[in-house]
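*Asks:* I'd like to ask you about the structure that follows.
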Amino acid sequence: MLRVVGRNPVPWEDNRVRVVDRPSPAMTTWASLGSTGATQQVGALLPGILQVDAIPPVDERAVNPIGFLSTPTSGPAVLVQKGDRWRVQDGPRELVSVHPSGAITDADVARLRGVRSVAVEWGRHTGPIAAVRSIAGLAAAGVPVTASSVPYWAESLGSELTEILTSAKPSDLDDDLRREEHSIRLRRAALRTHAVRSRWRRLATQAGAPVPAPPKVSVLLCTKRPDFIGMALAQIARQRHVDLEVILTLHGLPASLPEVRAAVAGFALPVTTVEVPGDALFGEALNRGAAAASGEYLAKWDDDDWYGPEFIADAVLAADYSGADLVGCLHQFIYLEQINLTIRRPGGESERFTRQISGNSLLMSRRTFAAAGGFPAIPRNVDTGLLRVVEAAGGRIYRTHGMASMVHRRESGHTWNAPLTGFIRAATHQWRGFKPGTLTEVHGIGEAVLASGREVPGSV
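The numbers in numbering that gives the first Met the number 0 rise by one with no breaks, and the one at position 323 of the sequence shown is 322.
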(Lines of atoms letter the chains of each structure in order from A; the text may use other names.)
(Lines give C-alpha, C1' and ligand atoms only; values in the text may rest on other atoms or scores of the structure.)
Protein backbone atom coordinates (compact mmCIF):
# COMPACT_ATOMS: atom_id res chain seq x y z
CA MET A 0 0.00 0.00 0.00
CA LEU A 1 1.16 3.55 -0.75
CA ARG A 2 0.67 5.89 2.23
CA VAL A 3 0.92 9.69 1.96
CA VAL A 4 2.16 11.08 5.26
CA GLY A 5 3.02 14.34 7.03
CA ARG A 6 5.84 14.96 9.47
CA ASN A 7 6.34 12.39 12.25
CA PRO A 8 3.88 9.83 10.84
CA VAL A 9 2.31 7.21 13.07
CA PRO A 10 4.27 3.95 12.74
CA TRP A 11 2.59 1.35 10.54
CA GLU A 12 1.88 -1.71 12.67
CA ASP A 13 -0.21 -3.99 10.45
CA ASN A 14 2.30 -6.60 9.30
CA ARG A 15 -0.29 -8.16 7.02
CA VAL A 16 -0.07 -5.20 4.62
CA ARG A 17 3.22 -3.89 3.25
CA VAL A 18 3.40 -0.11 3.07
CA VAL A 19 5.55 2.49 1.30
CA ASP A 20 5.42 6.03 2.73
CA ARG A 21 5.59 9.16 0.58
CA PRO A 22 5.49 12.82 1.77
CA SER A 23 2.34 14.87 1.23
CA PRO A 24 2.53 17.75 -1.28
CA ALA A 25 2.33 20.31 1.53
CA MET A 26 5.56 18.95 3.00
CA THR A 27 7.54 19.44 -0.19
CA THR A 28 7.22 23.20 -0.65
CA TRP A 29 10.14 25.48 0.15
CA ALA A 30 7.91 27.17 2.74
CA SER A 31 7.59 23.86 4.54
CA LEU A 32 11.25 22.92 4.07
CA GLY A 33 12.31 26.25 5.51
CA SER A 34 14.38 28.14 2.91
CA THR A 35 14.67 28.49 -0.84
CA GLY A 36 18.43 28.49 -0.34
CA ALA A 37 18.53 25.18 1.50
CA THR A 38 19.12 23.08 -1.60
CA GLN A 39 21.90 21.07 0.01
CA GLN A 40 19.68 20.32 3.02
CA VAL A 41 16.66 18.99 1.17
CA GLY A 42 17.63 15.36 1.49
CA ALA A 43 18.32 15.74 5.20
CA LEU A 44 15.12 17.66 5.88
CA LEU A 45 12.95 15.13 4.10
CA PRO A 46 14.71 11.79 3.52
CA GLY A 47 13.75 10.20 0.21
CA ILE A 48 12.53 13.41 -1.43
CA LEU A 49 15.39 13.31 -3.95
CA GLN A 50 14.52 9.78 -5.06
CA VAL A 51 12.76 9.22 -8.36
CA ASP A 52 9.91 7.39 -6.66
CA ALA A 53 9.12 10.41 -4.46
CA ILE A 54 7.55 12.07 -7.51
CA PRO A 55 3.86 11.32 -8.18
CA PRO A 56 3.73 9.20 -11.35
CA VAL A 57 2.53 10.31 -14.77
CA ASP A 58 -0.69 8.65 -15.95
CA GLU A 59 0.52 7.42 -19.33
CA ARG A 60 -2.99 6.77 -20.62
CA ALA A 61 -3.74 10.51 -20.31
CA VAL A 62 -0.34 12.20 -20.70
CA ASN A 63 1.59 10.62 -23.56
CA PRO A 64 2.98 11.28 -27.06
CA ILE A 65 -0.37 10.84 -28.85
CA GLY A 66 -0.87 13.81 -31.15
CA PHE A 67 2.80 14.82 -31.44
CA LEU A 68 3.43 17.19 -34.36
CA SER A 69 6.56 16.55 -36.42
CA THR A 70 6.33 20.06 -37.86
CA PRO A 71 5.65 22.69 -35.16
CA THR A 72 3.27 25.56 -35.77
CA SER A 73 4.85 28.07 -33.37
CA GLY A 74 8.24 29.02 -31.99
CA PRO A 75 10.09 28.19 -28.77
CA ALA A 76 8.58 28.76 -25.32
CA VAL A 77 9.82 28.77 -21.73
CA LEU A 78 8.70 27.06 -18.53
CA VAL A 79 8.90 29.56 -15.66
CA GLN A 80 7.59 29.90 -12.12
CA LYS A 81 5.17 32.80 -11.55
CA GLY A 82 3.16 33.10 -8.38
CA ASP A 83 2.26 29.70 -6.98
CA ARG A 84 2.70 27.65 -10.15
CA TRP A 85 4.73 26.84 -13.24
CA ARG A 86 3.67 28.44 -16.51
CA VAL A 87 4.63 27.88 -20.14
CA GLN A 88 4.97 31.18 -21.96
CA ASP A 89 5.64 32.26 -25.51
CA GLY A 90 6.94 35.76 -24.85
CA PRO A 91 4.23 37.62 -22.94
CA ARG A 92 1.56 35.10 -23.99
CA GLU A 93 0.72 32.37 -21.48
CA LEU A 94 0.16 28.99 -23.13
CA VAL A 95 -0.31 26.79 -20.06
CA SER A 96 -0.79 27.42 -16.34
CA VAL A 97 0.27 24.22 -14.56
CA HIS A 98 -1.60 23.10 -11.44
CA PRO A 99 0.31 24.07 -8.24
CA SER A 100 0.97 20.37 -7.60
CA GLY A 101 2.94 20.19 -10.85
CA ALA A 102 0.50 17.73 -12.45
CA ILE A 103 0.41 18.00 -16.25
CA THR A 104 -2.94 17.24 -17.90
CA ASP A 105 -3.88 16.12 -21.40
CA ALA A 106 -5.38 19.58 -21.95
CA ASP A 107 -2.02 21.17 -21.08
CA VAL A 108 -0.27 18.91 -23.58
CA ALA A 109 -2.79 19.70 -26.32
CA ARG A 110 -2.05 23.42 -25.95
CA LEU A 111 1.67 22.77 -26.38
CA ARG A 112 1.62 20.44 -29.38
CA GLY A 113 2.51 23.17 -31.85
CA VAL A 114 5.41 24.57 -29.80
CA ARG A 115 8.88 24.01 -31.20
CA SER A 116 10.54 23.63 -27.79
CA VAL A 117 10.17 24.48 -24.10
CA ALA A 118 13.23 25.71 -22.17
CA VAL A 119 13.20 25.35 -18.38
CA GLU A 120 14.06 28.48 -16.39
CA TRP A 121 14.54 27.21 -12.85
CA GLY A 122 14.67 30.48 -10.89
CA ARG A 123 12.45 30.76 -7.81
CA HIS A 124 9.60 28.33 -7.36
CA THR A 125 7.40 26.70 -4.75
CA GLY A 126 9.19 23.40 -4.23
CA PRO A 127 11.15 20.51 -5.77
CA ILE A 128 8.31 18.01 -6.21
CA ALA A 129 6.08 20.34 -8.26
CA ALA A 130 9.03 21.37 -10.43
CA VAL A 131 10.17 17.84 -11.21
CA ARG A 132 6.62 16.60 -11.69
CA SER A 133 5.90 19.29 -14.28
CA ILE A 134 9.02 18.52 -16.30
CA ALA A 135 8.50 14.75 -16.11
CA GLY A 136 4.93 15.13 -17.38
CA LEU A 137 5.94 17.32 -20.31
CA ALA A 138 8.75 14.93 -21.23
CA ALA A 139 6.45 11.89 -21.06
CA ALA A 140 4.14 13.62 -23.54
CA GLY A 141 7.03 14.15 -25.93
CA VAL A 142 7.06 17.94 -25.54
CA PRO A 143 10.62 18.92 -26.59
CA VAL A 144 11.91 20.20 -23.24
CA THR A 145 15.46 21.47 -22.72
CA ALA A 146 17.44 22.69 -19.70
CA SER A 147 20.90 24.23 -19.57
CA SER A 148 21.47 22.50 -16.23
CA VAL A 149 19.57 20.60 -13.55
CA PRO A 150 19.93 21.63 -9.88
CA TYR A 151 20.86 19.23 -7.13
CA TRP A 152 17.37 19.08 -5.65
CA ALA A 153 15.88 17.97 -9.00
CA GLU A 154 17.85 14.73 -9.24
CA SER A 155 14.55 12.88 -8.74
CA LEU A 156 14.06 13.41 -12.48
CA GLY A 157 16.35 10.40 -12.83
CA SER A 158 19.82 10.31 -14.35
CA GLU A 159 18.71 9.31 -17.85
CA LEU A 160 16.07 12.01 -18.17
CA THR A 161 18.44 14.61 -16.71
CA GLU A 162 21.13 13.75 -19.24
CA ILE A 163 18.72 14.05 -22.17
CA LEU A 164 17.22 17.33 -20.93
CA THR A 165 20.65 18.95 -20.85
CA SER A 166 21.88 17.41 -24.12
CA ALA A 167 20.21 19.98 -26.39
CA LYS A 168 19.78 23.74 -26.57
CA PRO A 169 16.61 25.36 -27.95
CA SER A 170 18.55 26.37 -31.08
CA ASP A 171 19.42 22.70 -31.72
CA LEU A 172 15.71 22.01 -32.12
CA ASP A 173 15.27 24.53 -34.93
CA ASP A 174 15.77 21.50 -37.18
CA ASP A 175 12.56 19.42 -37.27
CA LEU A 176 14.44 16.13 -37.51
CA ARG A 177 16.63 16.84 -34.46
CA ARG A 178 13.58 18.13 -32.57
CA GLU A 179 11.69 14.87 -33.08
CA GLU A 180 14.71 12.76 -32.14
CA HIS A 181 15.05 14.75 -28.91
CA SER A 182 11.34 14.31 -28.20
CA ILE A 183 11.61 10.54 -28.66
CA ARG A 184 14.57 10.26 -26.30
CA LEU A 185 12.74 12.33 -23.69
CA ARG A 186 9.50 10.36 -23.84
CA ARG A 187 11.34 7.04 -23.61
CA ALA A 188 13.20 8.06 -20.47
CA ALA A 189 10.23 9.78 -18.83
CA LEU A 190 7.78 6.94 -19.45
CA ARG A 191 10.24 4.29 -18.27
CA THR A 192 11.01 6.30 -15.14
CA HIS A 193 7.82 8.16 -14.21
CA ALA A 194 4.83 6.34 -15.76
CA VAL A 195 2.30 4.68 -13.48
CA ARG A 196 3.08 1.10 -14.47
CA SER A 197 6.84 1.37 -14.00
CA ARG A 198 6.39 3.32 -10.75
CA TRP A 199 4.09 0.76 -9.17
CA ARG A 200 6.47 -2.04 -10.09
CA ARG A 201 9.34 -0.31 -8.30
CA LEU A 202 7.23 0.56 -5.25
CA ALA A 203 6.00 -3.02 -5.02
CA THR A 204 9.59 -4.23 -5.17
CA GLN A 205 10.56 -1.80 -2.38
CA ALA A 206 7.71 -3.10 -0.24
CA GLY A 207 8.71 -6.70 -0.84
CA ALA A 208 5.51 -7.50 -2.71
CA PRO A 209 5.56 -10.00 -5.59
CA VAL A 210 5.92 -8.34 -8.99
CA PRO A 211 4.79 -10.04 -12.22
CA ALA A 212 7.39 -10.54 -14.90
CA PRO A 213 7.41 -7.95 -17.70
CA PRO A 214 5.61 -9.07 -20.86
CA LYS A 215 7.67 -11.26 -23.16
CA VAL A 216 7.82 -10.44 -26.87
CA SER A 217 8.10 -13.22 -29.43
CA VAL A 218 9.93 -11.92 -32.50
CA LEU A 219 8.71 -13.62 -35.68
CA LEU A 220 11.60 -13.84 -38.15
CA CYS A 221 10.59 -15.69 -41.32
CA THR A 222 13.22 -16.01 -44.04
CA LYS A 223 14.23 -17.78 -47.23
CA ARG A 224 17.73 -16.27 -47.19
CA PRO A 225 20.27 -18.06 -44.99
CA ASP A 226 22.93 -15.38 -45.48
CA PHE A 227 20.62 -12.76 -43.92
CA ILE A 228 19.92 -14.64 -40.68
CA GLY A 229 23.08 -13.63 -38.82
CA MET A 230 22.51 -9.94 -39.48
CA ALA A 231 18.85 -10.12 -38.44
CA LEU A 232 19.65 -11.96 -35.21
CA ALA A 233 22.43 -9.49 -34.38
CA GLN A 234 19.91 -6.65 -34.49
CA ILE A 235 17.42 -8.54 -32.35
CA ALA A 236 20.14 -9.34 -29.81
CA ARG A 237 20.83 -5.65 -29.17
CA GLN A 238 17.22 -4.75 -28.33
CA ARG A 239 16.98 -2.97 -24.96
CA HIS A 240 14.36 -2.81 -22.17
CA VAL A 241 12.40 -5.86 -23.37
CA ASP A 242 12.27 -9.59 -22.65
CA LEU A 243 12.53 -11.43 -25.97
CA GLU A 244 12.45 -14.80 -27.62
CA VAL A 245 12.94 -15.42 -31.33
CA ILE A 246 10.87 -17.70 -33.52
CA LEU A 247 13.08 -18.37 -36.54
CA THR A 248 10.89 -19.72 -39.33
CA LEU A 249 12.98 -21.26 -42.11
CA HIS A 250 10.86 -20.99 -45.25
CA GLY A 251 12.23 -23.74 -47.46
CA LEU A 252 15.56 -23.93 -45.62
CA PRO A 253 16.88 -26.82 -43.52
CA ALA A 254 18.07 -25.97 -40.03
CA SER A 255 21.22 -27.96 -40.77
CA LEU A 256 22.58 -25.33 -43.17
CA PRO A 257 25.97 -24.03 -41.94
CA GLU A 258 24.79 -20.41 -42.13
CA VAL A 259 21.74 -21.21 -40.00
CA ARG A 260 23.65 -23.25 -37.45
CA ALA A 261 26.36 -20.61 -37.07
CA ALA A 262 23.86 -17.76 -36.64
CA VAL A 263 21.79 -19.62 -34.04
CA ALA A 264 24.86 -20.86 -32.15
CA GLY A 265 26.10 -17.30 -31.70
CA PHE A 266 22.74 -15.96 -30.50
CA ALA A 267 22.41 -15.47 -26.74
CA LEU A 268 18.60 -15.17 -26.47
CA PRO A 269 16.08 -18.04 -26.57
CA VAL A 270 15.41 -19.12 -30.15
CA THR A 271 12.98 -21.68 -31.54
CA THR A 272 13.57 -22.91 -35.08
CA VAL A 273 10.56 -23.86 -37.21
CA GLU A 274 11.03 -25.47 -40.65
CA VAL A 275 8.34 -24.81 -43.25
CA PRO A 276 8.27 -26.21 -46.80
CA GLY A 277 9.37 -23.78 -49.49
CA ASP A 278 6.06 -24.11 -51.35
CA ALA A 279 4.03 -22.95 -48.34
CA LEU A 280 2.45 -19.53 -48.77
CA PHE A 281 4.14 -16.70 -46.87
CA GLY A 282 1.14 -16.19 -44.60
CA GLU A 283 1.08 -19.89 -43.76
CA ALA A 284 4.78 -19.84 -42.91
CA LEU A 285 4.32 -16.89 -40.56
CA ASN A 286 1.39 -18.59 -38.85
CA ARG A 287 3.43 -21.75 -38.30
CA GLY A 288 6.04 -19.64 -36.57
CA ALA A 289 3.47 -17.78 -34.49
CA ALA A 290 2.05 -21.09 -33.28
CA ALA A 291 5.40 -21.82 -31.61
CA ALA A 292 5.53 -18.48 -29.78
CA SER A 293 5.12 -18.18 -26.01
CA GLY A 294 5.29 -14.40 -25.58
CA GLU A 295 2.44 -12.10 -24.64
CA TYR A 296 3.25 -10.01 -27.73
CA LEU A 297 4.15 -10.98 -31.29
CA ALA A 298 6.47 -8.73 -33.29
CA LYS A 299 7.06 -9.21 -37.02
CA TRP A 300 10.68 -8.70 -38.09
CA ASP A 301 12.10 -8.53 -41.61
CA ASP A 302 15.46 -10.11 -42.31
CA ASP A 303 16.93 -7.31 -44.46
CA ASP A 304 15.91 -4.06 -42.75
CA TRP A 305 17.63 -2.09 -40.01
CA TYR A 306 16.12 -1.68 -36.56
CA GLY A 307 17.35 0.51 -33.70
CA PRO A 308 18.03 -1.10 -30.30
CA GLU A 309 14.84 0.36 -28.80
CA PHE A 310 12.57 -0.42 -31.74
CA ILE A 311 10.59 -3.13 -29.94
CA ALA A 312 10.63 -1.28 -26.61
CA ASP A 313 9.13 1.76 -28.36
CA ALA A 314 6.35 -0.41 -29.78
CA VAL A 315 5.58 -1.96 -26.38
CA LEU A 316 5.48 1.52 -24.81
CA ALA A 317 3.11 2.69 -27.55
CA ALA A 318 0.84 -0.31 -27.02
CA ASP A 319 0.73 0.53 -23.32
CA TYR A 320 -0.05 4.25 -23.51
CA SER A 321 -2.35 4.01 -26.55
CA GLY A 322 -4.28 0.92 -25.53
CA ALA A 323 -4.27 -0.10 -29.21
CA ASP A 324 -4.79 -3.65 -30.40
CA LEU A 325 -2.03 -3.43 -33.00
CA VAL A 326 0.95 -1.07 -33.13
CA GLY A 327 3.41 -0.23 -35.88
CA CYS A 328 5.07 2.65 -37.66
CA LEU A 329 5.85 4.10 -41.07
CA HIS A 330 9.59 3.80 -41.57
CA GLN A 331 10.93 7.25 -42.43
CA PHE A 332 14.41 6.26 -43.60
CA ILE A 333 14.90 4.15 -46.72
CA TYR A 334 18.18 3.05 -48.26
CA LEU A 335 17.89 2.63 -52.04
CA GLU A 336 20.70 0.19 -52.74
CA GLN A 337 20.48 0.40 -56.55
CA ILE A 338 21.48 4.06 -56.57
CA ASN A 339 23.29 4.16 -53.20
CA LEU A 340 20.99 6.81 -51.79
CA THR A 341 19.32 7.23 -48.40
CA ILE A 342 16.08 9.19 -48.25
CA ARG A 343 13.79 10.38 -45.51
CA ARG A 344 10.11 10.11 -46.29
CA PRO A 345 7.94 11.23 -43.34
CA GLY A 346 4.73 9.89 -44.89
CA GLY A 347 2.32 11.58 -42.49
CA GLU A 348 2.25 12.33 -38.78
CA SER A 349 3.18 9.64 -36.28
CA GLU A 350 1.60 9.03 -32.85
CA ARG A 351 -1.88 8.63 -34.31
CA PHE A 352 -4.63 6.02 -34.57
CA THR A 353 -4.62 5.11 -38.24
CA ARG A 354 -5.08 2.29 -40.73
CA GLN A 355 -1.68 2.70 -42.40
CA ILE A 356 1.52 1.24 -40.93
CA SER A 357 4.46 -0.69 -42.34
CA GLY A 358 4.17 -4.45 -42.39
CA ASN A 359 7.67 -5.01 -41.03
CA SER A 360 6.86 -3.11 -37.83
CA LEU A 361 3.79 -4.93 -36.50
CA LEU A 362 3.41 -5.65 -32.79
CA MET A 363 0.25 -7.12 -31.31
CA SER A 364 -0.83 -9.33 -28.45
CA ARG A 365 -1.21 -13.02 -29.14
CA ARG A 366 -4.87 -12.62 -28.20
CA THR A 367 -5.38 -10.02 -30.95
CA PHE A 368 -3.50 -12.21 -33.41
CA ALA A 369 -5.67 -15.23 -32.59
CA ALA A 370 -8.89 -13.21 -32.79
CA ALA A 371 -7.89 -12.00 -36.27
CA GLY A 372 -7.23 -15.55 -37.43
CA GLY A 373 -3.53 -14.92 -37.98
CA PHE A 374 -1.97 -13.84 -41.24
CA PRO A 375 -4.01 -14.55 -44.37
CA ALA A 376 -2.79 -17.56 -46.35
CA ILE A 377 -1.58 -15.57 -49.37
CA PRO A 378 1.88 -15.23 -50.98
CA ARG A 379 2.32 -11.47 -50.44
CA ASN A 380 0.72 -8.42 -48.78
CA VAL A 381 -0.01 -10.54 -45.72
CA ASP A 382 0.46 -7.53 -43.44
CA THR A 383 -2.20 -5.49 -45.23
CA GLY A 384 -4.56 -8.43 -45.02
CA LEU A 385 -4.07 -8.75 -41.26
CA LEU A 386 -4.52 -5.01 -40.72
CA ARG A 387 -7.81 -5.02 -42.61
CA VAL A 388 -9.14 -7.94 -40.55
CA VAL A 389 -8.21 -6.23 -37.27
CA GLU A 390 -9.84 -3.01 -38.44
CA ALA A 391 -13.01 -4.77 -39.64
CA ALA A 392 -13.34 -6.48 -36.26
CA GLY A 393 -13.30 -3.10 -34.50
CA GLY A 394 -9.67 -3.26 -33.40
CA ARG A 395 -7.64 -0.09 -33.00
CA ILE A 396 -4.41 0.37 -34.95
CA TYR A 397 -1.82 2.84 -33.71
CA ARG A 398 1.14 4.37 -35.53
CA THR A 399 4.10 5.33 -33.37
CA HIS A 400 7.22 7.12 -34.64
CA GLY A 401 9.27 5.63 -37.48
CA MET A 402 12.60 7.21 -36.57
CA ALA A 403 14.38 4.15 -35.15
CA SER A 404 14.54 1.95 -38.23
CA MET A 405 15.46 1.96 -41.89
CA VAL A 406 14.12 -0.01 -44.83
CA HIS A 407 16.80 -1.55 -47.03
CA ARG A 408 15.37 -1.47 -50.54
CA ARG A 409 17.23 -3.94 -52.74
CA GLU A 410 16.85 -4.55 -56.44
CA SER A 411 14.84 -7.72 -55.88
CA GLY A 412 13.67 -10.14 -53.22
CA HIS A 413 10.78 -8.13 -51.77
CA THR A 414 7.17 -9.18 -51.31
CA TRP A 415 6.14 -5.62 -52.25
CA ASN A 416 6.86 -3.64 -55.39
CA ALA A 417 7.23 0.09 -55.88
CA PRO A 418 9.29 2.10 -58.41
CA LEU A 419 12.33 4.02 -57.22
CA THR A 420 10.91 7.25 -58.61
CA GLY A 421 8.02 7.03 -56.16
CA PHE A 422 10.41 6.94 -53.21
CA ILE A 423 12.52 9.83 -54.49
CA ARG A 424 9.57 12.11 -55.25
CA ALA A 425 8.25 11.68 -51.72
CA ALA A 426 11.61 12.37 -50.04
CA THR A 427 12.13 15.44 -47.87
CA HIS A 428 15.83 14.64 -47.31
CA GLN A 429 18.43 12.80 -49.38
CA TRP A 430 21.93 11.63 -48.50
CA ARG A 431 24.54 9.93 -50.66
CA GLY A 432 25.37 6.47 -49.39
CA PHE A 433 24.08 4.53 -46.42
CA LYS A 434 22.86 7.11 -43.87
CA PRO A 435 20.45 5.77 -41.23
CA GLY A 436 18.88 8.00 -38.61
CA THR A 437 20.72 8.45 -35.32
CA LEU A 438 18.10 6.49 -33.34
CA THR A 439 18.87 3.41 -35.44
CA GLU A 440 22.33 3.24 -33.87
CA VAL A 441 23.70 0.91 -36.53
CA HIS A 442 27.38 1.75 -36.12
CA GLY A 443 29.34 -1.35 -35.24
CA ILE A 444 26.85 -3.65 -36.96
CA GLY A 445 27.63 -4.45 -40.57
CA GLU A 446 30.27 -1.72 -40.82
CA ALA A 447 31.18 -2.94 -44.27
CA VAL A 448 27.75 -1.88 -45.46
CA LEU A 449 28.06 1.64 -44.14
CA ALA A 450 29.31 4.44 -46.33
CA SER A 451 29.80 8.00 -45.21
CA GLY A 452 27.22 10.20 -46.92
CA ARG A 453 26.68 13.87 -47.50
CA GLU A 454 23.22 15.37 -47.59
CA VAL A 455 21.94 16.33 -51.02
CA PRO A 456 20.57 19.90 -50.77
CA GLY A 457 16.82 20.21 -51.17
CA SER A 458 14.25 17.64 -52.19
CA VAL A 459 13.63 16.08 -55.53
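All C-beta atoms in this analysis are idealised placements derived from N, C-alpha and C, irrespective of residue type, glycine included.
1) How close, in whole Å, do the beta carbons of W305 and H407 come, if the pair is a contact with beta carbons under 8 Å?
2) Leaving aside the five residues before and after R409 along the sequence, list all residues of the same chain whose C-beta is less than 6 Å from its C-beta, in chain order.
3) For V455, name the three-state secondary structure that DSSP assigns.
4) Which same chain residues, not among the five before or five after P169, have their C-beta less than 7 Å away from its C-beta?
5) Count the C-beta pairs between the region 238 to 252 and the region 272 to 287 that are closer than 8 Å, then say yes if the count reaches three, no if not.
6) Is H98 near A135, with beta carbons less than 8 Å apart?
7) Unbroken beta strand (DSSP E) runs of length 3 or more, entirely within the region 55 to 142: which are they?
8) Suppose contacts are defined by Cβ-Cβ distances below 8 Å. Is V108 in contact with V62 by that definition?
9) Which whole-angstrom value is the C-beta distance of A314 and T399, which I expect to be below 8 Å?
10) In the region 314 to 358, which residue ranges form an unbroken beta strand (DSSP E) of at least 3 residues, counting only runs that do not cross its ends?
11) According to DSSP, what are the bridge partners of S404?
12) Less than 8 Å separating the beta-carbons of L297 and F368?
13) For A188, which of helix, strand or coil comes out of DSSP?
14) With distance defined between alpha-carbon atoms, name the residue in L419, D58 and L243 nearest to T341.
15) Report buried or exposed for V149, applying the criterion of at least 16 other Cβ atoms within 10 angstroms of its Cβ.
16) By a C-beta neighbour count over all protein chains shown, 10 Å radius and 16 as the cutoff for buried, is Y320 buried or exposed?
17) How big is the Cα-Cα spacing for L220 and R187?
18) Looking only at its own chain, which residues have a Cβ that is under 8 Å from the Cβ of T222, when we skip the five neighbours before and after it?
*Replies:* Reading it off the structure:
1) By 1-based counting over the sequence shown, the position of residue 305 is 306. By 1-based counting over the sequence shown, the position of residue 407 is 408. Sure, about 6 Å apart at Cβ, within 8 Å.
2) For this step, residue 409 is matched to residue 410 along the sequence shown. Same-chain partners within the cutoff: E336.
3) For the purposes of this step, residue 455 is taken as the residue at position 456 of the sequence shown. Bear in mind that a pLDDT of 38 at V455, under 50, signals an unreliable position, so the number given afterwards is only what the model happens to contain. If DSSP states are grouped into helix, strand and coil, V455 belongs with the strands.
4) Position 170 of the sequence shown, counted from the start, is the residue given in the question as residue 169. P75, S116, A118 and T145, listed in sequence order.
5) yes
6) Here residue 98 corresponds to residue number 99 of the sequence shown, with the count starting at 1. Here residue 135 corresponds to residue number 136 of the sequence shown, with the count starting at 1. The answer is no: Cβ separation not under 8 Å.
7) 76 to 81, 84 to 89, 92 to 96 and 117 to 119
8) Locating residue 108 in the sequence shown gives position 109, counting from the first residue. Locating residue 62 in the sequence shown gives position 63, counting from the first residue. Contact flag set, yes.
9) To locate residue 314, count along the sequence shown from 1; it is residue 315. To locate residue 399, count along the sequence shown from 1; it is residue 400. Their Cβ separation, rounded to whole angstroms, is 6 Å, which keeps A314 and T399 in contact under 8 Å.
10) Fully enclosed beta strand (DSSP E) runs of 3 or longer: 325 to 328, 332 to 335 and 340 to 343.
11) Taking the first residue of the sequence shown as 1, we reach residue 404 at position 405. Answer by DSSP bridge pairing, in chain order: Y306.
12) Working through the sequence shown from its first residue, we reach residue 297 at position 298. Working through the sequence shown from its first residue, we reach residue 368 at position 369. Closer than 8 Å, so yes.
13) Taking the first residue of the sequence shown as position 1, residue 188 is located at position 189. Correct three-state label for A188: helix.
14) Numbered from 1 along the sequence shown, position 342 holds the residue referred to as residue 341. The shortest C-alpha separation from T341 is found at L419.
15) For this step, residue 149 is matched to residue 150 along the sequence shown. The residue in question, V149, is buried, as its Cβ has 16 or more Cβ neighbours within 10 Å.
16) Position 321 of the sequence shown holds residue 320. Looking at its Cβ environment, which holds 16 or more other Cβ atoms inside 10 Å, Y320 is buried.
17) Residue mapping note: residue 220 aligns to position 221 of the sequence shown, counting from 1. Residue mapping note: residue 187 aligns to position 188 of the sequence shown, counting from 1. Whole-angstrom Cα-Cα distance: 25 Å.
18) Residue mapping note: residue 222 aligns to position 223 of the sequence shown, counting from 1. Within the same chain, T222 has close Cβ partners I228, A231, L247, T248, L249, H250, L252 and D302.
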